[in-house]
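I have placed the structure first, in the form of structure tokens, so that the comments after it can refer back to it.
2 protein chains.
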Amino acid sequence: MTGSKTSDDKPIYSISAAAKLLNISVHTLRMYEREGLIVPFKKESNQRSYSQGDIDRINCIRNEINASKISINGIRTIYSMIPCWDIVKCSKKERGKCASFNGSDSPCWTYDHSNNVCGTKNCRECIVYSQYSACCNVKELIKSLSK
Amino acid sequence: MTGSKTSDDKPIYSISAAAKLLNISVHTLRMYEREGLIVPFKKESNQRSYSQGDIDRINCIRNEINASKISINGIRTIYSMIPCWDIVKCSKKERGKCASFNGSDSPCWTYDHSNNVCGTKNCRECIVYSQYSACCNVKELIKSLSK
DNA sequence: AATAGTTGATATTTATAAATGTCAACTATT
DNA sequence: AATAGTTGACATTTATAAATATCAACTATT
Numbered sequence: 001m002t003g004s005k006t007s008d009d010k011p012i013y014s015i016s017a018a019a020k021l022l023n024i025s026v027h028t029l030r031m032y033e034r035e036g037l038i039v040p041f042k043k044e045s046n047q048r049s050y051s052q053g054d055i056d057r058i059n060c061i062r063n064e065i066n067a068s069k070i071s072i073n074g075i076r077t078i079y080s081m082i083p084c085w086d087i088v089k090c091s092k093k094e095r096g097k098c099a100s101f102n103g104s105d106s107p108c109w110t111y112d113h114s115n116n117v118c119g120t121k122n123c124r125e126c127i128v129y130s131q132y133s134a135c136c137n138v139k140e141l142i143k144s145l146s147k
Numbered sequence: 148m149t150g151s152k153t154s155d156d157k158p159i160y161s162i163s164a165a166a167k168l169l170n171i172s173v174h175t176l177r178m179y180e181r182e183g184l185i186v187p188f189k190k191e192s193n194q195r196s197y198s199q200g201d202i203d204r205i206n207c208i209r210n211e212i213n214a215s216k217i218s219i220n221g222i223r224t225i226y227s228m229i230p231c232w233d234i235v236k237c238s239k240k241e242r243g244k245c246a247s248f249n250g251s252d253s254p255c256w257t258y259d260h261s262n263n264v265c266g267t268k269n270c271r272e273c274i275v276y277s278q279y280s281a282c283c284n285v286k287e288l289i290k291s292l293s294k
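Right under this line is the structure:
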């Protein structure tokens, strides 16, 4: 991670500014969102904003796509393996009714979770999304679970 | 898993028989091997053989590629997340010098491991390869690590 | 010893994921 | 109120992963 969470999570870029910074089109940014890879900040008017943390994250995603040749569906599947239940201390009972725990091809932040331990929490602010979602970090996370 | 390990792991198919059964070309089978997804049985003459377990496994891989749209590099990366160190009870000390534990883009069975806990064991016969390598099972495996 | 199948290496084809373009309705900015 | 940027939906392009083809050397089978 570069910088602290707070300094990285201010919504400072519009979609076109972010696209220019990343050297991609705005369409691509919307696609990544539709595919469940990113959760940009949204204004009341429904317009997207991106923080420096988002830019870092998207650079990581682009590296997986372009250099590591992992498809978007592959990245989504890898994200879905993040043991969020362990990170957010989800109870056995809660896990039972959690779509993320029970499914295996989409990350937790793509599901509605109004009736589990995550409640109405904004996924952007959740450590699962903000810290562990550099795909290259997922294996490290799995290692840390080992006895 | 269909059937027991022993009954599924007899080398009964030649590469062309396996290809016909799977409705793909022999080239594709060799490609999957080169890409680190499968480890077929090899005769002294260097010719490949495939067991029923191999066929099941390859069907699973093809489903990931064709239906789930996960690229070969994505599948390999997912395989590399299998916590083999936990499954084979690899000591802390052994982990330190293990390429699989320390890398993150290729599964353990693609590395030389003559000088760690796996020694000269044939990966085909290792539970990590034979049981946990249906990509769809990896998340289940991660779940089982949770406290 | 002749035929069929295999090997690895290199080249080519094809299928499609990823990215971009276009549009009309809408929102923000000057 | 005029200009610039955004939205989602749908269509199109392009980049390339996945699969197949070709080859000469080799191995198995009859």
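Quick note, the sequences are listed as chains A and B, same order. Just so you know, we're using my numbering here: the first sequence kicks off at 1 and counts up by one. Just so you know, we're using my numbering here: the second sequence kicks off at 148 and counts up by one. Don't be surprised by glycine CBs; every beta carbon is placed ideally from N, CA and C.
Count the other C-beta atoms from every protein chain shown that fall within 10 angstroms of the C-beta of B:Asn262, then say buried if there are 16 or more, exposed otherwise. In the second sequence, the residue the question calls residue 262 of chain B occupies position 115. Classification for B:Asn262: exposed.
How would you write the range of the alpha helix (DSSP H) that A:Ser100 sits in, first residue to last? Position 100 of the first sequence, counted from the start, is the residue given in the question as residue 100 of chain A. In this chain, the alpha helix (DSSP H) harbouring A:Ser100 covers Ala99 to Asn102.
Taking just the CA atoms, how far does B:Gly243 sit from A:Ser106? Position 106 of the first sequence, counted from the start, is the residue given in the question as residue 106 of chain A. Position 96 of the second sequence, counted from the start, is the residue given in the question as residue 243 of chain B. Whole-angstrom Cα-Cα distance: 32 Å.
Please state the DSSP three-state secondary structure of B:Ser163. Taking the first residue of the second sequence as position 1, residue 163 of chain B is located at position 16. It is helical.
Nearest to A:Asn66 by alpha carbon, out of B:Gly221, B:Arg195 and B:Glu180? Sequence index remark: in the first sequence, residue 66 of chain A carries index 66 (1-based). The candidate whose alpha carbon is nearest that of A:Asn66 is B:Gly221.
Beta-carbon contacts of B:Glu182 that lie in its chain and below 7 Å, excluding the five residues immediately before and after: Mapped onto the second sequence, residue 182 of chain B falls at position 35. Apart from sequence neighbours up to five positions away, the residues of its chain that approach B:Glu182 with a beta-carbon distance below 7 Å are Ile219 and Arg223, ordered along the chain.
So B:Arg195 is in the beta strand (DSSP E); what residue range does that whole segment cover? One-based indexing of the second sequence puts residue 195 of chain B at position 48. DSSP places B:Arg195 in the uninterrupted beta strand (DSSP E) bounded by Arg195 to Tyr197.
For B:Thr224, decide whether its Cβ has a neighbour in chain A, counting only Cβ atoms nearer than 9 Å. In the second sequence, counting from the first residue as 1, residue 224 of chain B sits at position 77. Yes, because at least one Cβ of chain A sits closer than 9 Å to the Cβ of B:Thr224.
Just to confirm the assignment, what range does the alpha helix (DSSP H) spanning A:Lys123 have? Taking the first residue of the first sequence as 1, we reach residue 123 of chain A at position 123. The identity of residue 123 of chain A in the sequence shown is Cys, whereas the question assumes Lys. Here A:Cys123 belongs to no alpha helix (DSSP H), and DSSP marks it neither H nor E.
What three-state label does DSSP hand A:Lys92 in the structure shown? Residue 92 of chain A sits at position 92 when you count from the first residue of the first sequence. Residue state, collapsed to three classes: helix.
For B:Ala246, is the classification buried or exposed, using 16 other Cβ atoms within 10 angstroms of its Cβ as the cut-off for buried? The residue you call residue 246 of chain B lines up with position 99 of the second sequence. With fewer than 16 other Cβ atoms within 10 Å, it is exposed.
Listed in chain order, which residues of the stretch 79-103 of chain A have Cβ atoms closer than 8 Å to some Cβ of chain B? Within the stretch 79-103 of chain A, the residues whose Cβ lies closer than 8 Å to some Cβ of chain B are Ser80, Met81, Pro83, Trp85, Asp86 and Phe101, listed in chain order.
Counting only beta-carbon separations shorter than 9 Å, does B:Gly266 have a partner in chain A? Taking the first residue of the second sequence as 1, we reach residue 266 of chain B at position 119. Output row for B:Gly266: interface = no.
Here's a check: name, in chain order, each residue in its chain whose Cβ is nearer than 8 Å to the Cβ of A:Arg62, leaving out the five neighbours to either side. Against the first sequence, residue 62 of chain A aligns to sequence position 62. Cβ neighbours of A:Arg62 beyond the five flanking positions: Leu22 and Ile24.
Tell me, please, whether the CB atom of B:Ser253 is closer than 9 Å to any CB atom in chain A? By 1-based counting over the second sequence, the position of residue 253 of chain B is 106. Output row for B:Ser253: interface = no.
Where does B:Lys189 fall in DSSP's three states? Along the second sequence, read from residue 1 onward, the residue named residue 189 of chain B stands at position 42. If DSSP states are grouped into helix, strand and coil, B:Lys189 belongs with the strands.
Reduced DSSP secondary structure (H/G/I, E/B, other) of B:Thr149: For the purposes of this step, residue 149 of chain B is identified with residue 2 of the second sequence, where counting begins at 1. The predicted position of B:Thr149 is uncertain, since its pLDDT is 46 and thus under 50; a value taken from the coordinates is nonetheless stated next. B:Thr149 falls in the coil class under three-state DSSP.
Between the stretch 79-93 of chain A and the stretch 279-290 of chain B, can you find at least three pairs of beta-carbon atoms closer than 8 Å? Contact between the stretch 279-290 of chain B and the stretch 79-93 of chain A is present: three or more C-beta pairs spanning the two stretches fall below 8 Å.
Note the first and the last residue of the continuous alpha helix (DSSP H) segment covering B:Cys231. Translated into the one-based positions of the second sequence, residue 231 of chain B becomes position 84. Where B:Cys231 is concerned, the enclosing alpha helix (DSSP H) stretches over Cys231 to Ile234.
Suppose the cutoff is 8 Å on Cβ atoms and the five residues either side in sequence are ignored; what does the same chain contact list for A:Ala19 look like? Counted from its first residue, the first sequence places residue 19 of chain A at position 19. Answer for A:Ala19: Ser25, Val26, Thr28 and Leu29, listed in chain order.
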